[in-house]
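Undergrad: Before anything else, here's the structure in question.
There are 2 protein chains.
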Amino acid sequence: MTRLEKIKYKPVPVRDLLIEMKDLSELMIDLAYSAALFNSQPLAEEVVELEKRVDNLAYLLDMSAMLAARDARDAESLVGVTVVAAATDKISDAAADMAAIVLRGIGVHPIVLEAFKKMEEQLTKVETKPNSVLVGKRLGELQLAAKMGVDIIAIRRDKELTINPKEDETIKKGDIITARGAPSGIEEFEKLAEGIVQTLES
Amino acid sequence: MTRLEKIKYKPVPVRDLLIEMKDLSELMIDLAYSAALFNSQPLAEEVVELEKRVDNLAYLLDMSAMLAARDARDAESLVGVTVVAAATDKISDAAADMAAIVLRGIGVHPIVLEAFKKMEEQLTKVETKPNSVLVGKRLGELQLAAKMGVDIIAIRRDKELTINPKEDETIKKGDIITARGAPSGIEEFEKLAEGIVQTLES
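Protein chains in written order, with this note's numbering: chain A, 1 to 202; chain B, 1 to 202.
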């Protein structure tokens with residue numbers, strides 16, 4: 001069994017915790033569908049990683065809610081927040097269950113492929129190679145959305161994960177990037193990240 | 001406690017069951033967010049109704065999978081389908097948990113509103129009045145998407161629920177319609193359904 005991180009209370013606003021949990025749970029569902037559709041081990045692993053993060057956030061949120069409630073009225077009002085947080089946690093669990101099909105090598109049944117194929121957008125998880133033209137560029141100057149219809153939705157650098165990175169974020173070599181877009185754009189983006197294509201059309 | 005329907009096996013293709021479960025679970029999450037955001041009792045009730053339907057579909061799917069498996073290889077391959085179905089069921093449970101906040105009158109905490117307000121689209125559930133201009137029209141001729149950016153995502157008529165109704169579906173008086181769109185379009189659509197506005201701009 002994997003040893004899990006000890007959860008220690010950190011003063012993070014409940015609001016920030018909830019927004020991150022909601023964003024992550026939605027991202028995880030999309031990732032899990034994509035993982036199943038393309039039988040992608042890296043995407044499935046990302047879902048499992050994110051699930052641990054959502055679990056941690058859920059613990060932190062519960063602790064913060066306990067500390068914030070000074071009287072019965074506070075508690076009544078905050079219970080609505082913890083219920084929503086628990087629901088996003090449940091959604092992230094469901095995504096991890098789906099990812100497990102890929103990780104356990106159960107294989108994706110044609111029926112599942114059919115149910116999922118309606119997705120117009122594809123997701124990818126790719127590591128930037130040192131010779132990639134993306135390295136050293138800010139997201140704002142790359143304009144990937146305008147140029148190839150690709151959105152970068154997460155960057156993992158060392159142990160840090162940034163969801164919805166900002167325009168001024170600079171891509172570094174070795175960044176693990178999760179991106180979403182039309183299949184043709186995703187293919188182009190992967191080649192750029194892997195240094196196979198060296199020119200970024202403008 | 002509400003008496004639940006007895007589940008009786010019906011020969012429905014597993015594929016159809018899974019696709020409906022997936023579509024419903026996604027719709028329910030959107031409905032639950034909208035229910036919370038607008039503190040809407042009708043939308044929250046719709047989520048609870050749909051949850052019962054997903055539960056029924058989950059039972060039927062499990063039964064169908066059991067009947068379809070003739071040997072160990074079939075069973076190994078079908079387990080991937082039942083896991084995905086169980087995951088969509090879990091997602092629908094999470095949506096129902098969120099809807100319960102509205103139905104129990106817990107009230108929606110400002111933090112939750114903030115986490116949900118990013119939604120650009122709004123959902124509504126409205127009953128068509130006998131004097132509505134929509135009554136007797138086919139969806140195809142109404143062109144609600146082109147005219148006001150509104151998509152009809154479900155029609156409940158008596159006990160029948162049609163998800164993603166087709167172009168040739170004719171609206172009847174007393175239909176309970178769930179629709180999605182930009183807030184201004186949704187407002188216009190509600191007035192048309194309620195017979196308050198009698199002209200459909202072309």
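Even glycine gets a Cβ: it sits at the ideal position worked out from N, Cα and C.
Taking only runs that begin and end inside the region 120–199 of chain B, name each unbroken beta strand (DSSP E) of 3 or more residues, in chain order.
TA: You should have 122–127, 150–157, 160–163, 176–181.
Undergrad: State the DSSP-derived secondary structure class of Lys90 (chain A), mapped to helix, strand or coil.
TA: Of the three classes helix, strand and coil, the one that applies to Lys90 (chain A) here is helix, per DSSP.
Undergrad: What first and last residue would you give for the alpha helix (DSSP H) that runs through Asn56 (chain B)?
TA: From DSSP, the alpha helix (DSSP H) with Asn56 (chain B) extends over 41–68.
Undergrad: Only counting the same chain, and skipping five residues up and downstream in sequence, which positions put a Cβ closer than 6 angstroms to that of Thr162 (chain A)?
TA: The answer, listed in chain order, is Ile155.
Undergrad: Please work out which residues of its chain come closer than 6 angstroms, Cβ to Cβ, to Met28 (chain A), disregarding the five sequence neighbours upstream and downstream, and give them in chain order.
TA: Result list for Met28 (chain A): Val47, Leu50, Ser92, Ala95, in chain order.
Undergrad: Taking C-alpha atoms, which residue in A:Ala182, A:Leu43, A:Asp23 lies nearest to Ala145 (chain A)?
TA: For Ala145 (chain A), the nearest C-alpha among the options comes from A:Ala182.
Undergrad: Work out the CA separation of Glu76 (chain A) and Ser34 (chain B) for me, nearest whole Å.
TA: The alpha-carbon atoms of Ser34 (chain B) and Glu76 (chain A) are separated by roughly 21 angstroms.
Undergrad: Any C-beta of chain A sitting closer than 9 angstroms to the C-beta of Glu76 (chain B)?
TA: Yes, Glu76 (chain B) lies at the interface with chain A (some Cβ there is under 9 angstroms from its Cβ).
Undergrad: Could you tell me the alpha carbon to alpha carbon distance between Glu26 (chain A) and Tyr9 (chain B), rounded to whole angstroms?
TA: Straight-line Cα distance between these residues: approximately 33 angstroms.
Undergrad: Closer than 8 angstroms, Cβ to Cβ, to anything on chain B: give me those residues from the region 101–114 of chain A, in chain order.
TA: Residues passing the 8 angstroms Cβ filter: Ile101, Ile106, Gly107, Val108, His109, Ile111, Val112, Glu114.
Undergrad: Below 8 angstroms on the Cβ atoms is my contact criterion, and I expect Leu60 (chain B) with Val108 (chain B) to pass it. Report the Cβ-Cβ distance as a whole number of Å.
TA: With 8 angstroms as the limit, Leu60 (chain B) and Val108 (chain B) do not qualify as a contact, their Cβ atoms being about 34 angstroms apart.
Undergrad: Can you check which of these residues, B:Leu31, B:Val54, B:Lys191, is closest to Ile7 (chain B) by C-alpha distance?
TA: Here the closest residue by C-alpha is B:Val54.
Undergrad: According to the neighbour-count rule (16 or more other Cβ atoms, all chains shown, within 10 Å of its Cβ), is Leu24 (chain B) buried or exposed?
TA: By the neighbour-count rule (16 or more Cβ atoms within 10 Å), Leu24 (chain B) is buried.
Undergrad: Report the rounded CA-to-CA distance for Val135 (chain A) versus Ile176 (chain A), giving the unit in angstroms.
TA: Looking at the two C-alpha atoms, the distance is approximately 12 angstroms.
Undergrad: Please report whether the beta-carbon of Leu139 (chain B) lies at a distance below 9 angstroms from any beta-carbon of chain A.
TA: Not one chain A Cβ lies under 9 angstroms of Leu139 (chain B).
Undergrad: Counting contacts by CB-CB distance shorter than 9 angstroms, is Ile19 (chain A) in contact with chain B?
TA: Chain B contact via Cβ: present.
Undergrad: Check Ile111 (chain B) in the structure and name its three-state DSSP category.
TA: The answer is helix: DSSP assigns Ile111 (chain B) an H, G or I state.
Undergrad: Look at the alpha carbon of Gly174 (chain A) and the alpha carbon of Thr128 (chain A), and state the distance between them as a whole number of angstroms.
TA: Each residue's alpha carbon lies about 5 angstroms from the other.
Undergrad: Near Ala99 (chain B), which residues of its chain fall below 7 angstroms by C-beta distance, leaving aside the five closest residues on each side in sequence?
TA: Answer for Ala99 (chain B): Ala32, Ala35, Ala44, Val47, Val48, listed in chain order.
Undergrad: Drop a sphere of 10 angstroms on the beta-carbon of Lys66 (chain A), count the other beta-carbons inside from all chains shown, and report buried for 16 or more, exposed for fewer.
TA: Per the sequence shown, the amino acid found at residue 66 (chain A) is Met instead of Lys. Met66 (chain A) should be labelled exposed.
Undergrad: For the alpha helix (DSSP H) containing Ile29 (chain B), list its first residue and its last residue.
TA: Run containing Ile29 (chain B): 14–37, per the alpha helix (DSSP H) assignment.
Undergrad: Between Val47 (chain A) and chain B, is any beta-carbon pair separated by less than 9 angstroms?
TA: With 9 angstroms as the cut-off, Val47 (chain A) does not count as an interface residue toward chain B.
Undergrad: Does Asp93 (chain B) get closer than 9 angstroms to chain A when you measure Cβ to Cβ?
TA: Chain A, which has a Cβ nearer than 9 angstroms to the Cβ of Asp93 (chain B), makes this yes.
Undergrad: Kindly indicate which residue of A:Val81, A:Ile106, A:Val102 has the alpha-carbon position closest to the one of Ala72 (chain B).
TA: Looking at the Cα atoms, A:Ile106 is the closest of the given residues.
Undergrad: Roughly how many whole angstroms lie between the Cα atoms of Asp30 (chain A) and Thr124 (chain A)?
TA: Spanning the two alpha carbons is a distance of roughly 11 angstroms.
Undergrad: Using the rule of at least 16 other Cβ atoms within 10 Å of the residue's Cβ for burial, across every protein chain shown, is Arg180 (chain B) buried or exposed?
TA: Buried: at least 16 other Cβ atoms inside 10 Å.
Undergrad: Indicate whether Ser132 (chain B) and Gly185 (chain B) have their beta-carbon atoms separated by less than 9 angstroms.
TA: No; because the gap between Cβ atoms is not below 9 angstroms, this pair is not in contact.
Undergrad: Would Asp168 (chain A) be called buried (16 or more neighbouring beta carbons within 10 Å of its own) or exposed?
TA: So Asp168 (chain A) counts as exposed.
Undergrad: Going by C-alpha distance, which of A:Gln41, A:Ala86, A:Pro42 is nearest Met63 (chain A)?
TA: Here the closest residue by C-alpha is A:Ala86.
Undergrad: Which same chain residues, not among the five before or five after Leu18 (chain A), have their C-beta less than 8 angstroms away from its C-beta?
TA: Closer than 8 angstroms at Cβ, skipping near neighbours: Leu61, Val81, Val84, Ala85, Thr88.
Undergrad: Lys90 (chain A) versus chain B: which residues are under 8 angstroms apart at the beta carbon?
TA: Chain B residues near Lys90 (chain A): Lys90, Ile91, Asp93, Ala94, Asp97.
Undergrad: Cβ atoms of Arg138 (chain B) and Ile111 (chain A): under 9 angstroms apart, would you say?
TA: Contact: no.
Undergrad: Between Phe38 (chain A) and chain B, is there a C-beta pair that is closer than 9 angstroms?
TA: Cβ-Cβ to chain B under 9 angstroms: no for Phe38 (chain A).
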